[in-house]
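Asker: Have a look at the structure that comes next, please.
Right, dumping it as structure tokens:
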């Protein structure tokens, strides 16, 4: 066919490279700031806007979406055009992609400074920015697909498979996780609540790692590594196997972020098993990369760009082995809520994403500017400083994580927590936080060296904004030829490939999210859990806005060392009105799920909370919690409160009809009660201040479930014939449950107390068969004061206690 | 020129890899027809078998749910620590060492956050350095308030944070040393004067 002349768009690549460098510096400086804030709280500067809760999302978003995001675009826009022998289909869409993306970053940074956040990790952007992000992402994807359609090569190379998966994967994740009901321009409530919201969020969060930090980088690796090393890809077959298995399997693994939390066991098991199966597909990328370097290792010694790529690919292999290990429940018990996870993500982020971007830039910039790298020596210096910085960053955090976990779970010889004061377990690891600051500083220093090197390189050369090239046009419509493998055929069909990738990656999320959302038995409700009052709801919104979740979790795992410290472990039904959920992922401070349980270990009075917000150090001398004294000054905007109630009603929260009209009245009534309580301690606060709402919210958490109210009538569920297994183990287990749960009303030996019946006489009010007794325990007789235990005991446990009552008590 | 270099490399690769070199070329990137290494496929199959077993174990063979695991752990915990000294009688200690230990515990357990560093009381908790008591001034009453708390008034129960022996020492410190010490900035007395 005819040879066509065309021009590569190099200007757009240069723009994305510059944005990558600028945002990289910004994101890492903010990272340094949050590290300083944890080591020395004075770096919160007493400011509402730059306290840790605001800065931490700014750091994560700046690194992921600004630094890494622009890096992806730079790498994709260059390699895509070269691999397809075509200019980007639309210059306008390219420009919209570039400027739109930078606008999103600026809006995101501003909104975090002002506490405008959805609090869903790495998806904190509020709804207007979410919509903008969707539009810009579509502009990028459509431009890419149109370019694929106008290509001058027959087959689509492996790198582009990964770019396609990235586009469809991120689009799907972002859209579903951002479903929300807007209240104002700056505030929305997640469509999902509690455990459902958690599943959707970590399906997103885990796969943001997959489809924003992994798949695009595998694509970049498949282009820049063989280009730089000038070696053929080791195995085309391996490319196919690990591509399809990875994009299929990744989507299932999200629940491994929620192990031992308030999530059905089946969903957790999916998270564990699919994470383990992911090891080999993930390693496929590492192996194909490293084996491609066979015969080129002598080049690695000299070339900084190849060294960065080798460390990147190796770190990718380590992180994708560590990740599945952290998904095992017993390992996760250690890694979750400690700095282990923080160390893990920084190895992946700094070495894999950062390293590959650096390697790519050292290769790309001289070629783009038609010159030589200004200094190979400085590039090697960058490499060594960055690598040592990563180690100095991660090792102290691993150390701190294990130390803190050991302290959390250590018991004294009397059987009590050795370190009941959470703060002791934190001050112990503060020296590690100091070391981490230096690790981050080194990494940043290396980056600055690169910026200098790049600036010098760019200055010494010149870019051809529109680079001329030519290639023969080809016929892309050809149907399947004899002897062509199905995959080879698919590589010729861009749309079919895209649709196939979408279907393969959509399955996992659908299997987990749809049952969690629509099958009621996955979310057993608890009768006593009531919606938030207007005051508590406003308090919760303040909690969200200040990023409290960045340090405090709200979910207690069923470990003795957690229940002794925080109170009873969290149940799924407790969170049904939580739009969004606030379980958090790291405990820099203690869990707050039971701060409202008056008889629990976490309860503090209103006066304590007031004093603690005003001057945390007065209550705990060594605390690193910043003061929140502005809670006393800032007023809640009560004009929005009715709209918030209406939004909640839309989401299915059972407020009475027309409750929005009475919401402010109720708000002020409850606020007056809090004010009166504080007045008793000679503390004056304005009833409309954020302080009052926050205290009310803290006193709500865990309160409903701590005093399970009886209802007059419940219709008991049908109980099937129960057969008991009489074994010493079951008797023993039943005995323990009996003494903890039943003895307070029925007596330590089952003799009965006051009006509560005895179990050791011959009289049975509701029958004496195992099925009768089991049914009463499970469903209760609320009218007579017997509560239902179906939300507190499993069927197996109820059987055990039934056995103990019938066979274990001395009659 | 560039074409020539590519052709040269193609020939080199052809020589090095023979038939393994596939007829693929993407912006100069070649691909080899190697199979996936056996060991990585073995890891893949083993991980699938592990996962199937995991599911069978927990959902067909009735492995413990996390709620059941929790009960198991509690049974073991109770077994290990059941000698908690129930029924032991605690009395006021007057020896110097015990009172000193009580004073250290007062600091360690952060009593001062609510009752002041010197027991003078603050916005949260009452004065402990006078001799007025809201819940009784005898040893048993004070011991009980520390151990079981007065949650309605904001006093934390310390039974899960200190063994009875330590509560005994803190109580002894309060009653032997802190009462009537009259520090500065003392909060107004509450409750009844102890007789």
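Residue numbers (the numbering used here), protein chains in the order written: chain A, 152 to 962; chain B, 5 to 199.
We put the beta carbon where it would ideally sit given N, CA and C, even for glycine.
From a predicted model like this one, the values you see are computed outputs, not experimental measurements.
For residue 616/A, is the classification buried or exposed, using 16 other Cβ atoms within 10 angstroms of its Cβ as the cut-off for buried?
Answerer: With fewer than 16 Cβ atoms within 10 Å of its Cβ, residue 616/A is classed as exposed.
Asker: Does the beta-carbon of residue 432/A have 16 or more other beta-carbons within 10 angstroms, so that it is buried, or is it exposed?
Answerer: Residue 432/A is buried by the Cβ-count criterion.
Asker: Hey, quick one: how far does the beta strand (DSSP E) through residue 623/A stretch, first residue to last?
Answerer: Note, residue 623/A: beta strand (DSSP E), 617-623.
Asker: Does DSSP put residue 335/A in a helix, a strand or coil?
Answerer: Correct three-state label for residue 335/A: strand.
Asker: Do residue 786/A and residue 839/A have their beta-carbon atoms positioned less than 7 Å apart in this structure?
Answerer: Contact: yes.
Asker: Give the residues of chain A in contact with residue 180/B, contact being defined as C-beta atoms less than 9 Å apart.
Answerer: Here the premise fails: no neighbours, minimum Cβ distance about 24 Å.
Asker: Looking only at C-alpha atoms, which of 307/A, 804/A, 618/A, 439/A sits nearest to residue 688/A?
Answerer: Residue 688/A has its Cα closest to that of 804/A, out of 307/A, 804/A, 618/A, 439/A.
Asker: Report yes or no: do the segment 271-288 of chain A and the segment 199-214 of chain A share at least 3 C-beta pairs separated by less than 8 Å?
Answerer: Touching, yes, given that three or more Cβ pairs across the two stretches are closer than 8 Å.
Asker: Distance check for residue 81/B and residue 109/B, CA to CA, integer angstroms please.
Answerer: C-alpha separation (whole angstroms): 25 Å.
Asker: Can you find a CB in chain B that lies within less than 7 Å of the CB of residue 624/A?
Answerer: Chain B, which has no Cβ nearer than 7 Å to the Cβ of residue 624/A, makes this no.
Asker: In the structure shown, what three-state DSSP assignment does residue 256/A receive?
Answerer: If DSSP states are grouped into helix, strand and coil, residue 256/A belongs with the helices.
Asker: On the three-state DSSP scale, how would you describe residue 136/B?
Answerer: DSSP places residue 136/B in strand when its eight states are reduced to three.
Asker: Find the residues of chain B that neighbour residue 416/A, judging by a C-beta separation of less than 9 Å, and give them in chain order.
Answerer: By Cβ distance, chain B contributes 62, 63, 69, 70, 71.
Asker: Counting along the chain, where does the beta strand (DSSP E) carrying residue 157/A start and finish?
Answerer: Note, residue 157/A: beta strand (DSSP E), 154-160.
Asker: Going by the CB atoms, is the gap between residue 217/A and residue 247/A shorter than 7 Å?
Answerer: No, the Cβ-Cβ distance between residue 247/A and residue 217/A is not below 7 Å.
Asker: Taking its Cβ as the centre, do 16 or more other Cβ atoms sit within 10 Å of residue 446/A, making it buried, or is it exposed?
Answerer: Exposed: under 16 other Cβ atoms inside 10 Å.
Asker: Quick check: what's the CA-CA separation for residue 253/A versus residue 791/A?
Answerer: Cα-Cα distance, rounded: 31 Å.
Asker: What does residue 130/B touch in chain A if you count any residue whose Cβ is under 8 Å from its own?
Answerer: Residues of chain A passing the Cβ test: none, with the nearest at roughly 10 Å.
Asker: Does the CB of residue 171/B have a neighbour CB from chain A at under 7 Å?
Answerer: No, its Cβ sits nowhere closer than 7 Å to a Cβ of chain A.
Asker: From residue 770/A to residue 776/A, what does the alpha carbon distance come to, in whole angstroms?
Answerer: Approximately 11 Å between the Cα atoms of the pair.
Asker: For residue 919/A, does the count of other Cβ atoms within 10 angstroms reach 16, so buried, or fall short, so exposed?
Answerer: Residue 919/A is exposed by the Cβ-count criterion.
Asker: Label residue 22/B either buried or exposed according to how many other C-beta atoms from any shown protein chain fall within 10 Å of its C-beta, with 16 as the threshold for buried.
Answerer: Looking at its Cβ environment, which holds fewer than 16 other Cβ atoms inside 10 Å, residue 22/B is exposed.
Asker: Tell me residue 202/A's beta-bridge partners as DSSP assigns them.
Answerer: Paired residues: none, contrary to the question.
Asker: Using a C-beta cutoff of 7 Å, does residue 184/B count as contacting chain A?
Answerer: For residue 184/B, the answer is no, since every Cβ of chain A falls outside 7 Å of its Cβ.
Asker: Looking at the unbroken alpha helix (DSSP H) that takes in residue 601/A, where does it start and where does it end?
Answerer: Per DSSP, residue 601/A belongs to the alpha helix (DSSP H) from 581-611.
Asker: Expressed to the nearest angstrom, what Euclidean distance is found between the alpha-carbon atoms of residue 47/B and residue 430/A?
Answerer: For residue 47/B and residue 430/A, the distance between alpha carbons rounds to 8 Å.
Asker: Mind checking whether residue 512/A and residue 614/A have CB atoms under 7 Å apart?
Answerer: No, they are not a contact pair.
Asker: Using three-state DSSP, classify residue 840/A as helix, strand or coil.
Answerer: If DSSP states are grouped into helix, strand and coil, residue 840/A belongs with the strands.
Asker: Under a Cβ-count criterion, where at least 16 other Cβ atoms within 10 Å of its own Cβ denotes burial, should residue 87/B be classed as buried or exposed?
Answerer: Residue placement at residue 87/B is poorly supported in this model, since its pLDDT is 49, which falls under 50; the coordinates still yield a value, given next. Exposed, by the Cβ-count rule.
Asker: Taking 7 Å as the limit between beta carbons, can you name the residues of its chain near residue 848/A, skipping five residues before and five after?
Answerer: Excluding residues within five positions, the ones whose Cβ falls inside 7 Å are 687, 690, 691, 694.
Asker: Exposed or buried, residue 245/A, counting other C-beta atoms within 10 Å across all chains shown (16 or more means buried)?
Answerer: Looking at its Cβ environment, which holds 16 or more other Cβ atoms inside 10 Å, residue 245/A is buried.
Asker: For residue 336/A, does the count of other Cβ atoms within 10 angstroms reach 16, so buried, or fall short, so exposed?
Answerer: Looking at its Cβ environment, which holds fewer than 16 other Cβ atoms inside 10 Å, residue 336/A is exposed.
Asker: Would residue 120/B pass as an interface residue toward chain A - the criterion being a Cβ-Cβ separation below 7 Å?
Answerer: Output row for residue 120/B: interface = no.
Asker: Is residue 735/A closer than 7 Å to residue 300/A when the C-beta atoms are compared?
Answerer: The answer is no: Cβ separation not under 7 Å.
Asker: Are three or more beta carbon pairs between the segment 532-552 of chain A and the segment 587-603 of chain A nearer than 8 Å?
Answerer: A contact exists between the segment 532-552 of chain A and the segment 587-603 of chain A.
Asker: Please report the Cβ distance between residue 234/A and residue 308/A, rounded to the nearest whole angstrom; I am assuming they are in contact, meaning their Cβ atoms lie under 8 Å.
Answerer: The pair is a contact, with the Cβ atoms about 5 Å apart (cut-off 8 Å).
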